[in-house]
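In the numbering used here, the protein residues as written are 601 to 769.
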């Protein structure tokens with residue numbers, strides 16, 4: 601087995617197609633992940649985990665940015681106690697020669713929060729992920745990376761806003 605998880609390996613483990621070699625969406629609401637995943641990754645991952653409505657804190661939402669080299673941890677479908685994990689995984693090479701490449705180091709601390717996101721905030725995150733998905737389903741051309749990186753940066757900026765405003769209840 602590999603000692604580092606890649607985007608392609610993540611997609612294989614979760615039964616998803618690799619539409620772009622440097623970026624993928626994670627929608628684990630109905631995934632095929634059989635075993636807990638816990639290993640270092642070679643990508644960034646902005647992950648949103650929604651509470652399941654059955655715990656003491658039913659609407660708790662977790663947002664966090666995982667950096668390359670950090671442990672990427674997702675429980676298997678059988679061990680998961682949340683409605684779903686969604687997010688975007690992107691390789692550092694996707695960011696080459698973009699403003700986000702220079703600024704990505706500013707986000708990790710600001711994109712880690714636990715709290716309750718409003719319905720509107722959840723819709724904004726979902727909307728950003730939909731825009732990335734649309735671009736992933738478009739034929740890869742010379743504009744693809746620029747457009748995807750712009751959507752990722754917008755998503756990170758919204759997450760920074762939400763994490764700074766979210767109160768733990």
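A virtual CB, placed ideally from N, CA and C, is assigned to each residue, including glycine.
- Residue range 719 to 736 is occupied by the alpha helix (DSSP H) that includes residue 726.
- With fewer than 16 other beta carbons inside 10 angstroms of its own, residue 604 counts as exposed.
- Sequence-distant partners of residue 613 (beyond 5 residues in either direction) whose C-beta falls short of 7 Å from its own C-beta, in its chain, are 633, 637.
- Counting of Cβ neighbours within 10 angstroms places residue 673 among the exposed residues, the total staying below 16.
- Excluding residues up to 5 positions away in sequence, 633, 634, 635, 636, 637 lie with their Cβ nearer than 8 Å to the Cβ of residue 676 in the same chain.
- By the Cβ rule, the region 742 to 760 counts as touching the region 707 to 716, because three or more pairs are nearer than 8 Å.
- Judged by DSSP in its simplified three-state form, residue 649 adopts strand.
- In the same chain as residue 668, and ignoring 5 residues on each side of it, the C-beta atoms closer than 7 Å to its own belong to 641, 642, 643, 644, 692, in chain order.
- Closest by C-alpha distance to residue 749, out of 606, 694, 714, 737, is 694.
- Residue 713: member of the beta strand (DSSP E) spanning 712 to 715, first to last residue.
- Note on residue 764: under 16 other CB atoms within 10 angstroms of its CB, so exposed under the neighbour-count rule.
- Collapsing the DSSP output to three states places residue 685 in a strand.
- Residue 728 holds the alpha-carbon nearest to the alpha-carbon of residue 720 among 728, 714, 687.
- For the pair residue 741 and residue 696, the Cα-to-Cα distance works out to about 16 Å.
- Per DSSP, residue 614 is one residue of the alpha helix (DSSP H) stretching across 607 to 614.
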